[in-house]
Structure formats: C-alpha cells, structure tokens
Amino acid sequence: MSTLTIFSSVPAHAAAEEAPAVTSRPIPAVLGADLEVPVKGGRLVGYANLDYAASAPCLEPVSAAVTAALPAYSSVHRGAGYASQLTTARYEQARHTVRAFVGARTDDAVIFTRNTTDATNLLSRCLPADTTTVVFDTEHHASLLPWQKSVRLAPPAFPGEAVRAADEALAGIEGPKLLVVTAASNVTGELWPIAALAHVAHRHGARILVDAAQLVPHRRLNLTALDLDYVAFSGHKLYAPFGAGVLVGRRDWLAAGEPYLKGGGAVRSVGDDTEWHDDPEPRHEAGTPNVLGAIALAAACDALTATGWTALVREEERLIARLRSGLAAIEGVRELSLWGDDHPRVGIVSFTVDGYSAREVAETLSSEYGIGVRDGKFCAHPFVRHLLGEPERRSSAGESEGRSGRDHEHAGGCEDGTASAVRASIGIGSTQEHVDRLVAAVRDLASR
Ligand SMILES: Cc1ncc(COP(=O)(O)O)c(C=O)c1O
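Just so it is clear: in the sequence shown, position 262 is 261 by numbering that gives the first Met the number 0, and no numbers are missing.
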C-alpha cells in the first residue's frame with residue numbers, strides 16, 4: 000500500500016510556490032503511441048496522430064497521477080475524513096502547480112473551469128458594467144464570441160500592425176476595456192506579439208486576456224514577465240484530457256462578478272440573504288469540482304516543466320520544419336499563413352490541396368494512410384475565410400449558415416459546410432515517420 004501524504008499545510012489559494020527546478024528529464028511518453036487503426040483493405044497500421052491542436056493524447060505521467068489519486072478519491076472542501084482531506088490537498092496543490100506553471104503573480108486567482116471556452120465565458124460575465132472588448136477577427140470562437148460589447152479588428156497584415164490597430168482601437172474607447180488575443184493561432188500556429196499588446200493595453204488603462212490554449216502545450220508562458228492580466232487554457236490540449244481548464248488572473252473583477260454557477264461551495268451562508276464568497280475560486284467553482292481534471296492538468300504542467308522547454312521546442316521545431324518544407328515542395332498544396340513563412344509558430348500547419356475539398360483530403364489520409372488530421376475552419380470562421388480569400392461575413396461567426404454542409408453536419412461541430420482547410424498539428428509523441436507519412440500521402444493524393 001502506498002503511503003499517503005497530505006499537503007495539509009497548503010492553505011486554499013495561498014501564495015504560489017517556486018516553479019520546480021528544471022531537471023531535464025527525458026520527454027515523457029503518451030498513451031496510445033502504439034495504437035493501430037484499420038485502413039482500406041483491412042490492414043492495420045500504426046496511427047499517425049497529427050491532430051494535437053484539437054486534443055492531445057494523455058501523457059503517461061498524467062495518467063499515473065490520476066491513477067494514484069483514485070484510491071483516495073473523495074469529496075473536496077467538505078469532508079473531515081482522511082481521504083477527503085487528502086483529495087482536497089491534492090486539488091489545492093494542483094492550483095499552486097498551475098499558478099507556478101504560468102508564472103502567475105502570488106495574488107492572482109486560479110479558477111478551474113471545464114476548458115478555455117468556459118474560462119473566457121467566465122471572465123466575460125465578470126467584466127465591469129459597460130466594458131468594451133477589443134478582439135481580432137483571427138480569434139478562435141471561444142475568444143471571439145463571449146463578449147457583450149466588442150470592437151472587432153480585421154486580421155492585421157503584420158505583427159506591428161496588430162499592435163498599431165489595438166492601440167488605435169483602445170485609444171478611442173471610454174470606460175473599462177479589455178483586449179483579447181490568442182498567443183498562438185490554432186489555424187496557422189503563428190505566435191502573436193502578446194508582450195507588446197499587453198504594453199499597449201496597459202497604456203490605455205485596458206486589461207488583456209490571452210487565450211493560451213495553443214501556446215502552453217508548446218512554449219513556456221510567464222504571465223508576470225509578460226505583464227498579462229488573464230490567461231486561459233484547456234487541459235485536453237495540454238496532454239491532460241480529463242475535462243479541466245483554467246482561468247488565471249487578477250482577482251478584483253472576478254471577486255466582484257456574479258458567481259458563475261450558483262450553488263454549494265460558492266456561498267458563505269444562506270438565510271434570508273445569500274452571502275457569496277468574495278474569493279474568486281470558491282465564488283466561481285460552485286458544486287463538486289472536477290478534481291481529477293485539476294490533478295491531471297497539474298501533472299501535465301509538472302511533466303512539461305520537468306522535461307524542460309528547450310528539449311521540447313527543439314524536437315517540435317525539427318518536425319514542423321520538416322513537415323512544412325515537405326508540403327511546400329508539393330505542387331498544388333498551399334499553406335495558410337497570416338504573417339509569412341518565416342514568422343515563428345508552434346507545431347500547427349493548415350493547408351489546402353488543389354482539386355480536393357479539405358474533407359476529401361482528411362478522409363483519404365485516414366482511410367488509406369492511418370493519419371488523423373482535422374479539416375474545417377477550426378472554430379475560427381472569420382480568420383479561415385480571410386486566409387482562404389473568401390468574402391467577409393462578419394455577422395456569421397459561430398452561426399449555422401443553413402447550407403447543406405455535407406462535410407460537417409454533426410452536432411456540436413464548428414463547421415459551416417463552406418470551403419475549408421486541412422490542419423496537421425504535432426506535439427509530444429509525434430515522430431518523423433508520422434510527418435513523412437503525411438507528406439508522402441499528400442504528395443500521392445495531389446498527383447492523382
Ligand atoms: C486558440 C484556442 N482557443 C480556444 C479554444 C477552445 O478550447 P476548448 O474547446 O478546450 O474550450 C481552442 C480549441 O481549439 C483554441 O485552439
């Protein structure tokens with residue numbers, strides 16, 4: 000029987016711990032690396048998962064942390080029993096780990112949510128009255144849509160233009176303002192100038208929310224060093240597919256906002272009047288939280304930190320460069336890019352293949368080559384339309400457009416049935432064979 004250690008001295012929402020020392024452990028394995036899938040003719044081939052930007056596979060240390068937590072799994076914040084105390088301590092420890100992972104300030108709130116979408120929606124409901132949000136049309140719908148009052152900016156032609164456009168927009172707004180921007184595009188992988196945008200936001204008395212869903216699986220983020228006010232991300236893109244995400248950032252708006260969910264845990268007392276918690280964490284985490292999700296998310300943070308970013312980034316850059324140059328050499332294949340070939344990016348490449356719909360490409364890659372990619376507009380309709388050179392339809396983001404939508408009629412999808420792209424994305428566990436198989440398959444297809 001394993002020894003149980005209670006972090007009973009860990010007070011809820013206490014100061015952040017130092018980030019764990021970087022020990023440069025080997026890159027951890029992912030579950031499912033040996034998954035075999037059927038292809039045409041009934042053969043089984045090793046699955047080439049090139050769809051990490053949608054949901055990454057589970058890291059082994061994450062699965063191990065969840066397995067280790069399960070025997071003592073119990074209620075949090077409520078029980079006097081040993082297992083309940085232990086589980087509560089693990090849950091609160093996960094908060095500290097996430098805080099350290101993003102380099103948050105000691106007094107920042109760390110609120111566990113379901114995912115990034117949940118986190119942006121939570122913040123949207125806590126904005127001071129009459130806040131204007133400034134947001135680029137390049138955003139994922141999770142960061143584009145939740146805002147009551149927003150100014151939408153066209154895709155900027157170069158990074159400096161993003162800063163200039165934000166500067167101009169923020170200067171013209173009275174009252175509370177929030178700039179929302181994604182750190183790494185889920186469509187092109189391109190990195191955005193978030194430090195410069197934070198600087199501009201603060202110069203105009205605005206705050207900045209950074210959607211870090213596609214950044215944190217690939218690069219170190221330091222909220223304090225970058226002077227960001229809020230960051231949001233999802234566990235399932237960070238090798239922790241157990242249903243938790245997080246919103247980290249300044250406490251005041253979150254402490255004043257209407258409790259996100261109303262129920263047990265969010266209240267201090269209920270009588271004729273209801274007294275809500277002022278601390279953002281209990282205030283916005285009513286009900287029994289996703290403890291295993293939080294433990295998993297923290298285990299992923301620990302595993303990435305222990306591996307060290309240098310090793311992770313080096314391997315990713317090697318593979319993504321190989322993938323991009325392989326695709327670039329194929330006639331009829333066009334990579335989508337906002338800021339050009341040389342702009343730094345994470346392990347995401349979106350492309351089109353002349354003569355084929357994105358769905359045809361994705362289906363062929365799956366059924367003939369055992370390769371998993373994403374096709375569509377990746378819940379970033381205005382941006383993908385822009386990159387594909389389609390006319391702007393500003394009001395339609397996130398709406399069904401009533402087309403036959405042959406490609407994507409499934410409930411809950413993000414697609415509108417119009418022209419779209421293929422996206423390949425990599426991370427821990429991606430191999431050179433996966434990359435080479437994709438390039439060879441696209442070459443085959445393009446020459447048919
Ligand atoms: C940049 C970005 N933001 C937000 C989201 C939404 O994440 P989730 O579906 O986990 O809420 C995604 C998901 O693809 C994303 O890529």
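Virtual Cβ for every residue (Gly too), placed ideally from N, Cα, C. Predicted, not measured: the structure shown is a model, and the values here were computed from it.
Nearest to residue i by alpha carbon, out of the options?
i           : options               : result
residue 383 : 66, 227, 288 and 351  : 351
residue 327 : 441, 84, 47 and 54    : 441
residue 353 : 263, 429, 179 and 444 : 444
residue 238 : 276, 105 and 292      : 292
residue 448 : 44, 43 and 60         : No answer is possible for residue 448: it lies beyond the span of the chain, which begins at 0 and ends at 447.
residue 160 : 176, 135 and 386      : 135
residue 40  : 376, 369 and 419      : 369
residue 424 : 437, 258 and 378      : 437
residue 113 : 233, 270, 285 and 329 : 233
residue 263 : 37, 282 and 165       : 282
residue 204 : 165, 145 and 110      : 165
residue 153 : 385, 109, 89 and 92   : 385
Between which residues of its own chain and residue i is the CB-CB distance below 6 Å, once the five residues before and five after are set aside?
i           : result
residue 219 : 308
residue 201 : none
residue 31  : 56
residue 183 : 190, 213, 214 and 345
residue 277 : 254
residue 73  : 82, 83 and 86
residue 432 : none
Using C-beta distances below 7 Å, list every residue in its chain close to residue i, excluding the 5 sequence neighbours before and after it, in chain order.
i           : result
residue 117 : 244
residue 355 : 444
residue 157 : 338
residue 329 : 441, 442 and 445
residue 260 : 285 and 286
residue 162 : 192, 195, 196 and 199
residue 447 : none
Which residues in the same chain as residue i place their Cβ atom closer than 8 Å to its Cβ, once the five residues preceding and following it in sequence are excluded?
i           : result
residue 226 : 194, 197, 198 and 201
residue 435 : 321 and 325
Is residue i close to chain B? Criterion is C-beta to C-beta, closer than 7 Å.
i           : result
residue 190 : Annotation note: the requested chain B is absent from the structure, which comprises a single protein chain.
Original post:
With distances taken from each beta carbon to the nearest heavy atom of ligand 1, which residues come in below 5 Å, in chain order?
Top reply: 114, 115, 116, 139, 141, 181, 185, 210, 212, 213 and 233
Original post:
Can you give, in chain order, each stretch of the beta strand (DSSP E) that sits fully within the region 165-193 and has at least 3 residues?
Top reply: Within the region 165-193, the complete beta strand (DSSP E) runs of at least 3 residues fall at 176-181.
**OP:** Can you check the region 294-337 for any alpha helix (DSSP H) of at least 4 residues that lies completely inside it and give the ranges in chain order?
**Re:** 308-327
Original post:
Quick one: complete beta strand (DSSP E) runs, 3+ long, within the region 240-291?
Top reply: 244-248, 266-269 and 273-275
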